[in-house]
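Asks: The structure's right below; bear with me while I get my questions together.
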């Protein structure tokens, strides 16, 4: 019994998988009245292409042969004459436009022309002035400015040894070259003078060291000024102030040590003299009486001349007063 039931179940499954012998009844389609009276599109076959190439219709187009109409000779002649007339009008219009354009361009070009400054070297009164456009004029200025100045000439005046004024023309290049030569010659002369000056100062320094000593010659040739850190303004000094007395009372004494003296002065002072000389002897000590007499003579110098000047001044003042009185009397008489 179990086997029969299994076989019958398999048979039912196989029958169910097979298609039925008769189709099921189709569903009823409802059509509205608006769809019936709606404007229908013509049924034209549309082909879709998978690629992006333009669509090509496979519908065969029927060409219709139009019948050739007969044209009247007058109509044909009218058509040809009208075309010729149009061509004539077009050519005349183009010619007039080009003519007016050339005229306007010429006027515009002439309005932009400017008279350029004439060259003084080639100045001619009969020649017509040069005219350039504004860009060409400024381009000419730029070319003049960019040209090298070495070839330009200019006039010079110099006075000769006899006192005559001489005029000459020289280029900028020659003038600069002569200036460089003069500068080099002056520099060489200054170097030679500096060497001579150094030799003279070295001789003076060594002679002073032999005669006066190191400290005296160092203090004599030293140019270092006093320290102005505590200096007071001298514009407004009170009458009863002790600052002036303090400043006068404080005096700085400068002492020069032997090893450090070489650092205070340049090295050329300690060089050997150019002219070999014998050692200068130490100056002898003068007697005190002779020194006092010499100081008295120096103090009396000029007293006689000062007295003479005072006498002349008194005489001149008296003469001037006399002249003033005479002038007053002359004015009073007039």
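In the numbering used here, the protein residues as written are -5 to 328.
Where is the CB? At the ideal position from N, CA and C, for every residue including glycine.
(1) Kindly indicate the opening and closing residues of the beta strand (DSSP E) around residue 144.
(2) Would you kindly work out how many angstroms separate the C-alpha atoms of residue 109 and residue 163, rounded to a whole number?
(3) Answer yes if the stretch 70 to 78 comes into contact with the stretch 86 to 95, meaning at least three C-beta pairs across the two stretches below 8 Å, and no otherwise.
(4) Taking one C-beta from the stretch 165 to 173 and one from the stretch 135 to 153 each time, how about it: are there three or more such pairs within less than 8 Å?
(5) Just mark residue 200 as buried or exposed, buried being the case when its beta carbon has 16 or more other beta carbons within 10 Å.
(6) Assign residue -3 to one of three DSSP states: helix, strand, or coil.
(7) Would residue 126 and residue 107 be called neighbours here (beta carbons separated by less than 8 Å)?
(8) Whole angstroms is fine: what's the gap from residue 395's alpha carbon to residue 204's?
(9) If you reduce the DSSP assignment to three classes, tell me which class residue 153 lands in.
(10) Specify the secondary structure class of residue 232 as computed by DSSP and reduced to three states.
(11) Quick one: Cα of residue 319 to Cα of residue 150, how far?
(12) Suppose you measure from the CA of residue 131 to the CA of residue 137; what does that come to, to the nearest Å?
(13) Quick check: what's the CA-CA separation for residue 160 versus residue 183?
(14) Assuming residue 202 and residue 189 form a contact by the criterion Cβ under 8 Å, report the distance between their Cβ atoms to the nearest whole angstrom.
Replies: Per the coordinate set shown:
(1) Note, residue 144: premise wrong, no beta strand (DSSP E); not H, not E.
(2) If I take the Cα positions, the gap works out to 30 Å.
(3) Between the stretch 86 to 95 and the stretch 70 to 78, the count of Cβ pairs shorter than 8 Å is below three; the stretches do not touch.
(4) Taking 8 Å as the limit for Cβ pairs, the verdict is that the stretch 135 to 153 does touch the stretch 165 to 173.
(5) Residue 200 comes out buried.
(6) Its pLDDT being 48, under 50, residue -3 is placed unreliably by the model, and nothing is read from it.
(7) Result yes, Cβ atoms of residue 126 and residue 107 sit closer than 8 Å.
(8) Shown here, the chain extends from -5 to 328; a query on residue 395 therefore has no answer.
(9) Strand, per DSSP.
(10) The predicted position of residue 232 is uncertain, since its pLDDT is 49 and thus under 50; a value taken from the coordinates is nonetheless stated next. In the structure shown, residue 232 falls within a coil segment according to DSSP collapsed to helix, strand and coil.
(11) Computed Cα separation, rounded: 60 Å.
(12) When only Cα atoms are considered, residue 131 and residue 137 end up about 10 Å apart.
(13) Residue 160 and residue 183 have their C-alpha atoms some 28 Å from each other.
(14) Contact flag wrong, Cβ pair sits at about 21 Å.
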